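Residue numbers (our numbering): 10 to 201.
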């Protein structure tokens, strides 16, 4: 499940990257590859868990399935975390190039570069904050009931709070719609 969440985050990073590169024609190829990889991995994990019982609900108990699960999680999870960070870095570099080619005011350019850099760092950092501990716990093979396993599960649960807060913080459209909704609720409440 964690690898699918990470893959979805990578897909989101791809989408954000291609928002700033609309001239690139291969967007659908990356979408298809990302979704196809998620499907293949889902089927692979289903086969692993159907062919082996799981005492902790996280990894298969039989040695062969456990090894396959471990290495696939390590390679795919680590690859996705790295790919997501690289995509945000590329997005930042591309946006900075766009800003430098189109702006003449140095102060505005620097402020926008800082804003884009901050957004990319916050998005990548939140991904690592929420999912990296669980990735490490899974990769090392610790029990979900160990203190480290509980901490990692709490970090994943933190994503339920972090994602809406970041969406509100970084997306002006979400801010405007939320404020409009709150104003309409307040008006209805006052009219009663």
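Where is the CB? At the ideal position from N, CA and C, for every residue including glycine. On a predicted model such as this, the values are computed, not experimentally measured, just so you know.
Exercise. List the endpoints of the continuous alpha helix (DSSP H) containing residue 168.
Key: Against the chain shown, residue 168 aligns to sequence position 159. Unbroken alpha helix (DSSP H) run through residue 168: 156-179.
Practice problem: Please list, in chain order, all residues of the same chain as residue 99 whose beta carbon is under 8 Å from its beta carbon, the five residues on each side excluded. | Solution: Taking the chain shown and counting its residues from 1, one reaches residue 99 at position 90. Only 26 meet the Cβ criterion.
Self-check item: Residue of 16, 101, 184 and 38 minimising C-alpha distance to residue 88
Solution: Taking the first residue of the chain shown as position 1, residue 88 is located at position 79. For residue 88, the nearest C-alpha among the options comes from 16.
Quiz item: DSSP three-state call for residue 152: helix, strand or coil?
Solution: Locating residue 152 in the chain shown gives position 143, where the first residue counts as 1. It is coil, neither helix nor strand.
Exercise. Quick one: residues in its chain with C-beta nearer than 6 Å to the C-beta of residue 158, no 5 flanking neighbours on either side, listed in chain order?
Key: The count along the chain shown starts at 1 and reaches residue 158 at position 149. Answer for residue 158: 146, 151 and 152, listed in chain order.
Quiz item: Should residue 19 and residue 43 be called a contact, given that it needs their Cβ atoms to be closer than 9 Å?
Solution: In the chain shown, the residue the question calls residue 19 occupies position 10. In the chain shown, the residue the question calls residue 43 occupies position 34. In this structure, residue 43 lies closer than 9 Å to residue 19 by Cβ.
Quiz item: Can you tell me whether DSSP reads residue 68 as helix, strand or coil?
Solution: Within the chain shown, numbered from 1, the residue matching residue 68 stands at position 59. Correct three-state label for residue 68: coil.
Exercise. Alpha carbon to alpha carbon, how far is residue 136 from residue 154? Give it in angstroms, no decimals.
Key: Within the chain shown, numbered from 1, the residue matching residue 154 stands at position 145. Within the chain shown, numbered from 1, the residue matching residue 136 stands at position 127. Answer to the nearest angstrom: the Cα atoms are 23 Å apart.
Quiz item: Would you say residue 108 and residue 121 are within 9 Å of each other, going by their C-beta atoms?
Solution: Locating residue 108 in the chain shown gives position 99, where the first residue counts as 1. Locating residue 121 in the chain shown gives position 112, where the first residue counts as 1. It is a contact, given that the beta carbons lie within the stated cut-off.
Quiz prompt | Cβ neighbour criterion (16 or more within 10 Å) applied to residue 142 | solution = Position 133 of the chain shown, counted from the first residue, corresponds to residue 142. Label assigned to residue 142: buried.
Quiz prompt | Coarse secondary structure for residue 142, derived from DSSP in three states | solution = Here residue 142 refers to the residue found at position 133 when the chain shown is read from its first residue. Looking at residue 142 - three-state DSSP - the assignment turns out to be helix.
Exercise. Quick one: grab the DSSP three-state call for residue 133.
Key: Sequence index remark: in the chain shown, residue 133 carries index 124 (1-based). Here residue 133 sits in helix by DSSP.
Quiz prompt | Collapsed DSSP secondary structure at residue 75 in the structure displayed | solution = Counting from one through the chain shown, the residue named residue 75 turns up at place 66. Correct three-state label for residue 75: helix.
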